[in-house]
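Note that the numbering used here gives residue 341 to position 337 of the sequence shown, counting from 1, and the numbers run on in steps of one.
Remarks on the structure that follows.
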Amino acid sequence: MGARFSRGKKGHLGLIWGTALRAAGLALVLMWRVAAEPSDAAVAEALNPPDFLTVDKLPEEQRIWLRDAVAYQLSMGRSPDVAVREIKALDSFPREWSAPQLAALVGGMYQRLTAPPQTPSRRPRALALIGDRYHDPAYIRPPLEDAMERAGVAVAFLYDVRQLVPRVVFQYDLLIILRDGMLWPDPQPDGSFGKAVFWLTEEQEMTVASFVWGGGGFLALHNATALKALDAKESLYLRVLGASYAGHGPAQESYYVRVLNGLHPVTAGVHDYFVEDERHWPRLHVSDALVLLESASGEQTSLHGFVRTFGLGRVCYLANGHNRRVLESDAMQRMLRNAARWCLEPRLDAVAQGAASAEDLRQ
Ligand SMILES: [Zn+2]
Numbered sequence: 005m006g007a008r009f010s011r012g013k014k015g016h017l018g019l020i021w022g023t024a025l026r027a028a029g030l031a032l033v034l035m036w037r038v039a040a041e042p043s044d045a046a047v048a049e050a051l052n053p054p055d056f057l058t059v060d061k062l063p064e065e066q067r068i069w070l071r072d073a074v075a076y077q078l079s080m081g082r083s084p085d086v087a088v089r090e091i092k093a094l095d096s097f098p099r100e101w102s103a104p105q106l107a108a109l110v111g112g113m114y115q116r117l118t119a120p121p122q123t124p125s126r127r128p129r130a131l132a133l134i135g136d137r138y139h140d141p142a143y144i145r146p147p148l149e150d151a152m153e154r155a156g157v158a159v160a161f162l163y164d165v166r167q168l169v170p171r172v173v174f175q176y177d178l179l180i181i182l183r184d185g186m187l188w189p190d191p192q193p194d195g196s197f198g199k200a201v202f203w204l205t206e207e208q209e210m211t212v213a214s215f216v217w218g219g220g221g222f223l224a225l226h227n228a229t230a231l232k233a234l235d236a237k238e239s240l241y242l243r244v245l246g247a248s249y250a251g252h253g254p255a256q257e258s259y260y261v262r263v264l265n266g267l268h269p270v271t272a273g274v275h276d277y278f279v280e281d282e283r284h285w286p287r288l289h290v291s292d293a294l295v296l297l298e299s300a301s302g303e304q305t306s307l308h309g310f311v312r313t314f315g316l317g318r319v320c321y322l323a324n325g326h327n328r329r330v331l332e333s334d335a336m337q338r339m340l341r342n343a344a345r346w347c348l349e350p351r352l353d354a355v356a357q358g359a360a361s362a363e364d365l366r367q
């Protein structure tokens, strides 16, 4: 130090060189920091997102977009990493999100949607398991929310099939399913979906069966016939529903739906209607079902809706549901409301008789 600050020719030279070196060093440090800063900040944000980045603080439109995007990935059984990769490839995410922010937000939403959904405090309450590869939960949720709200039923949505377990399902009075039995966890780099995995375990079939047998309602929609298999193979789920998947037509087929029993509470106020939808033609396996609806396309007619009981519980199947417009139609909205109320009756009766708190029910 002493030498550096000595005055003399040599000292001056040393001072000049020293200053130049320090300035160069400072410039280098500054250049390094300018180059390094964005990634440092981005990493910090990804690891510990500031408040305004947490999913709850997002503007509603962005939060719903994120929820639906993650829900769709989850409905196909994809991991958080795959979900981030697939959502990053979408054109529709808000452009102000940097790549690490997007990853952090997807991670946060993924964590939320893989936890058991918050049980609504109000009863009766429904659990709706929705979405699969062919049926984006984004279009299913709003019309179901509308119908359940008008039916006076609080509804929670489930996208992660692993949560179809007793500690979740038994919190509810009504189970609604609009999805099939396939997951597509491993999309390929060429854009294909990879291999399907059938997810419904025997324990989960038992969960659904015991829920309904004990008096829970079951509203099965559209392709819920294919929850266990794509054929008529015997299963406990088939015994609960009473029908199996047997194929469908094009995504947008115009056809006629006939109301065969307009006096039943589920079809009350509904008249024959034309619809543009993917027409399913399920196969009925039981003799105790009351067929309410029949589809007619040219000369072909097929089962399109029915009700039955399983133990103490009520089961209703309605075949429409491949697109948002059909779920929003007057006929479907009315039948969804009617079906929810009809399926819930045994549970409400049980509650009213003191099996649970009647006060709770009115909350
Ligand atoms: Zn469909």
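Beta carbons are placed, not taken as given, at the ideal position from N, Cα and C, and that holds for glycine.
Remember, predicted model here, so these are calculated numbers, not experimental data.
Quiz item: Which word fits residue 199, buried or exposed, when buried means at least 16 other C-beta atoms lie within 10 angstroms of its C-beta?
Solution: exposed
Quiz item: Excluding the five sequence neighbours on either side, which residues of its own chain have a C-beta within less than 8 angstroms of the C-beta of residue 350, listed in chain order?
Solution: 219, 221, 316, 317, 318
Quiz item: If you draw a straight line from the C-alpha of residue 293 to the C-alpha of residue 310, how long is it?
Solution: 6 angstroms
Exercise. Can you check DSSP and say which residues form a bridge with residue 307?
Key: 298
Practice problem: List the residues that DSSP assigns as beta-bridge partners of residue 196. | Solution: According to DSSP, residue 196 bridges with nothing at all.
Quiz item: Closer than 7 angstroms: is that where the CB of residue 282 sits relative to any heavy atom of ligand 1?
Solution: yes
Quiz item: Whose CA, out of 69, 189, 109, lies closest to the CA of residue 77?
Solution: Among 69, 189, 109, the Cα nearest to that of residue 77 belongs to 189.
Practice problem: Reducing DSSP to helix, strand and coil, say where residue 221 ends up. | Solution: strand
Quiz prompt | Same chain, Cβ closer than 6 angstroms to residue 187, neighbours up to 5 away in sequence not counted | solution = 80, 81, 201, 203
Quiz item: So with Cβ pairs under 8 angstroms, would you call residue 99 a contact of chain C?
Solution: You won't find chain C in this structure, because it holds only one protein chain.
Quiz item: When the Cα of residue 4 is compared with those of 111, 289, 281, 355, which residue comes out closest?
Solution: Nothing in the structure corresponds to residue 4, since the chain is present only between 5 and 367.
Quiz item: Does the distance from the CB of residue 130 to the CB of residue 157 come in under 8 angstroms?
Solution: yes
Self-check item: Spatially closest choice to residue 320 from 279, 104, 346, 192, by CA coordinates
Solution: 346
Exercise. Report yes if the C-beta of residue 326 is less than 7 angstroms from at least one heavy atom of ligand 1; otherwise report no.
Key: yes
Quiz item: Can you tell me where the alpha helix (DSSP H) with residue 262 in it begins and where it stops?
Solution: Not the alpha helix (DSSP H): residue 262 falls in the beta strand (DSSP E), residues 257-263.
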